[in-house]
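Dropping the structure here:
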């Protein structure tokens with residue numbers, strides 16, 4: 001029975017022994033899971049971090065590869081100095097005295113990604129998986145006017161949905177940030193309401209601004225921005241601004257100059273959902289089931305959207 005003073009997310013993860021928190025959409029999405037990861041670690045739960053990597057992993061040594069499609073990234077791993085979020089995070093973790101390993105899933109389609117997840121879960125004894133999305137792309141059903149950039153998020157969602165893990169969750173951090181990608185956040189709220197009717201929306205909660213996790217998250221985001229200034233995370237820097245209490249058109253990166261931002265407290269809130277419940281709501285997810293490459297995922301989504309457009313074009317115009 002849910003309790004007012006204990007979010008359903010806490011209840012779902014209460015008995016987990018080893019939680020895998022993975023960035024769903026690649027890049028800096030794994031940072032969106034960092035406050036939750038630190039809170040769990042502070043509570044005594046073992047946590048491993050991972051990312052669906054859009055980084056170039058070809059420079060990694062053979063010893064870094066756990067298996068095809070899955071690598072362990074450490075502070076000294078070889079890679080691109082301009083953009084390598086997994087290594088940047090590993091270096092920050094090392095500075096903080098945490099286990100400095102971030103696993104990187106190679107950018108593939110659903111079938112090989114699921115195999116890589118299965119290997120990591122079996123290897124580490126994972127009993128709970130949390131996909132973290134920086135933004136709200138992962139909450140789109142597919143028939144909205146704008147989907148943002150769904151390919152990586154939906155590949156991760158489909159891959160994990162097919163795994164027999166006791167607890168599978170999704171957390172979305174950064175409400176409102178995806179407006180510049182064409183997402184209407186009224187649709188996000190409508191989708192969450194539909195999930196709530198089925199018991200799959202697990203509520204929302206803020207990252208407490210005075211907490212150790214908030215301070216550590218803001219430090220990690222600042223560290224990443226200093227380490228890779230040309231590719232710093234626009235999403236996480238806005239979330240960090242929201243955590244600090246900034247509001248409105250607040251810029252902390254030169255990358256956002258010339259655009260109008262709307263930093264606000266909702267950006268610092270986790271929206272949490274049951275992963276399998278969310279997967280059932282994404283109309284085109286079954287089309288991704290047998291994909292092996294990112295190109296196949298993109299094509300499957302494009303074909304679904306083209307089909308929607310044709311159906312809409314055939315509808316009679318009301319007089």
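In the UniProt record's numbering, the protein residues as written are 1 to 319.
Heads up, the beta-carbon is just placed ideally off N, CA and C, and yes, glycines get one too.
Computed from a predicted model, the values in this text were never measured in an experiment.
In whole angstroms, what is the alpha-carbon distance linking residue 292 and residue 3?
Here the question's residue 292 lines up with position 292 in the chain shown. Here the question's residue 3 lines up with position 3 in the chain shown. If I take the Cα positions, the gap works out to 42 angstroms.
Could you tell me the distance, in whole angstroms, from the CA atom of residue 141 to the CA atom of residue 194?
Here the question's residue 141 lines up with position 141 in the chain shown. Here the question's residue 194 lines up with position 194 in the chain shown. Looking at the two C-alpha atoms, the distance is approximately 11 angstroms.
What span of residues does the alpha helix (DSSP H) with residue 195 cover, start to end?
Taking the chain shown and counting its residues from 1, one reaches residue 195 at position 195. For residue 195, the uninterrupted alpha helix (DSSP H) segment begins and ends at 185-197.
To which residues of the same chain is residue 267 closer than 7 angstroms at the C-beta, ignoring the five residues directly before and after it?
Along the chain shown, one-based indexing puts residue 267 at 267. The beta carbon of residue 267 is closer than 7 angstroms to those of 174, 175, 176, 177, 238, 239 and 242 in its chain, skipping five residues each way along the sequence.
Segments assigned alpha helix (DSSP H), at least 4 residues, entirely inside the segment 233-316
234-244, 275-281 and 294-314
Under a Cβ-count criterion, where at least 16 other Cβ atoms within 10 Å of its own Cβ denotes burial, should residue 233 be classed as buried or exposed?
Residue mapping note: residue 233 aligns to position 233 of the chain shown, counting from 1. With 16 or more other Cβ atoms within 10 Å, it is buried.
According to DSSP, is residue 167 helix, strand or coil?
For this step, residue 167 is matched to residue 167 along the chain shown. In the displayed model, residue 167 falls within a strand according to three-state DSSP.
Hey, residue 31 and residue 55: beta-carbon distance below 8 angstroms or not?
For the purposes of this step, residue 31 is taken as the residue at position 31 of the chain shown. For the purposes of this step, residue 55 is taken as the residue at position 55 of the chain shown. Contact flag unset, no.
Let me know if residue 191 comes out buried or exposed under the rule of 16 or more other beta-carbons within 10 Å of its beta-carbon.
Along the chain shown, read from residue 1 onward, the residue named residue 191 stands at position 191. Per the 10 Å Cβ criterion, buried.
Could you give the residue range of the alpha helix (DSSP H) that holds residue 57?
As a first step, residue 57 is located in the chain shown; it is residue number 57 there, counting from the start. Taken as a continuous stretch (DSSP letters only), residue 57 belongs to no alpha helix (DSSP H), as it is neither H nor E.
Taking Cβ positions, are residue 105 and residue 50 nearer each other than 8 angstroms?
In the chain shown, counting from the first residue as 1, residue 105 sits at position 105. In the chain shown, counting from the first residue as 1, residue 50 sits at position 50. Going by C-beta atoms, residue 105 is nearer than 8 angstroms to residue 50.
Cβ distance (whole Å) where residue 188 is taken to contact residue 136 below 8 angstroms:
As a first step, residue 188 must be located in the chain shown, where it is residue number 188. As a first step, residue 136 must be located in the chain shown, where it is residue number 136. Going by Cβ atoms, the distance from residue 188 to residue 136 rounds to 5 angstroms, so yes, they are a contact pair.
Using a C-beta cutoff of 8 angstroms, does residue 8 count as contacting chain B?
Absent here is chain B; the protein component of the structure consists of one chain.
Only counting the same chain, and skipping five residues up and downstream in sequence, which positions put a Cβ closer than 6 angstroms to that of residue 9?
Reading the chain shown from its first residue, position 9 is the one you call residue 9. The residues are 202 and 272.
On a CA-only basis, which of 94, 247 and 114 is nearest residue 52? Give me that one, please.
Position 52 of the chain shown, counted from the start, is the residue given in the question as residue 52. Answer by Cα proximity: 114.
Return the first residue and the last residue of the alpha helix (DSSP H) that residue 223 is part of.
Taking the chain shown and counting its residues from 1, one reaches residue 223 at position 223. Where residue 223 is concerned, the enclosing alpha helix (DSSP H) starts and stops at 212-227.
Proximity below 8 angstroms, CB of residue 33 to CB of residue 171:
Start at 1 with the first residue of the chain shown, and residue 33 comes out as number 33. Start at 1 with the first residue of the chain shown, and residue 171 comes out as number 171. Yes, the Cβ-Cβ distance between residue 33 and residue 171 is below 8 angstroms.
Can you tell me which of the three DSSP states residue 122 falls into?
Taking the chain shown and counting its residues from 1, the one referred to as residue 122 is at position 122. Helix at residue 122.
Leaving aside the five residues before and after residue 74 along the sequence, list all residues of the same chain whose C-beta is less than 7 angstroms from its C-beta, in chain order.
One-based indexing of the chain shown puts residue 74 at position 74. For residue 74, where only same-chain residues beyond five positions count, the Cβ hits under 7 angstroms are 90, 100 and 101.
Whose C-alpha, out of 308, 314, 307 and 301, is nearest the C-alpha of residue 151?
To locate residue 151, count along the chain shown from 1; it is residue 151. Among 308, 314, 307 and 301, the Cα nearest to that of residue 151 is on 301.
Figure out for me which residue from 108, 214, 145 and 133 has the closest Cα to the Cα of residue 28.
Taking the first residue of the chain shown as 1, we reach residue 28 at position 28. Comparing Cα-Cα distances from residue 28 to each of 108, 214, 145 and 133, the minimum goes to 133.
Hey, out of 111, 20 and 228, whose CA is closest to residue 297's CA?
Here residue 297 is taken as the residue at index 297 of the chain shown, counted from 1. Of the residues 111, 20 and 228, the one whose Cα lies closest to the Cα of residue 297 is 111.
Backbone CA spacing between residue 254 and residue 265 [nearest angstrom]:
Counted from its first residue, the chain shown places residue 254 at position 254. Counted from its first residue, the chain shown places residue 265 at position 265. Approximately 22 angstroms, taken between the alpha carbons.
So, with DSSP's three-state summary, where would you put residue 106?
Here the question's residue 106 lines up with position 106 in the chain shown. Correct three-state label for residue 106: coil.
Could you tell me the distance, in whole angstroms, from the CA atom of residue 58 to the CA atom of residue 86?
Along the chain shown, read from residue 1 onward, the residue named residue 58 stands at position 58. Along the chain shown, read from residue 1 onward, the residue named residue 86 stands at position 86. Spanning the two alpha carbons is a distance of roughly 14 angstroms.
Per-residue DSSP class, three states only, for residue 98:
Translated into positions along the chain shown, residue 98 becomes position 98. In the structure shown, residue 98 sits in coil (DSSP, three-state: anything other than H, G, I, E or B).
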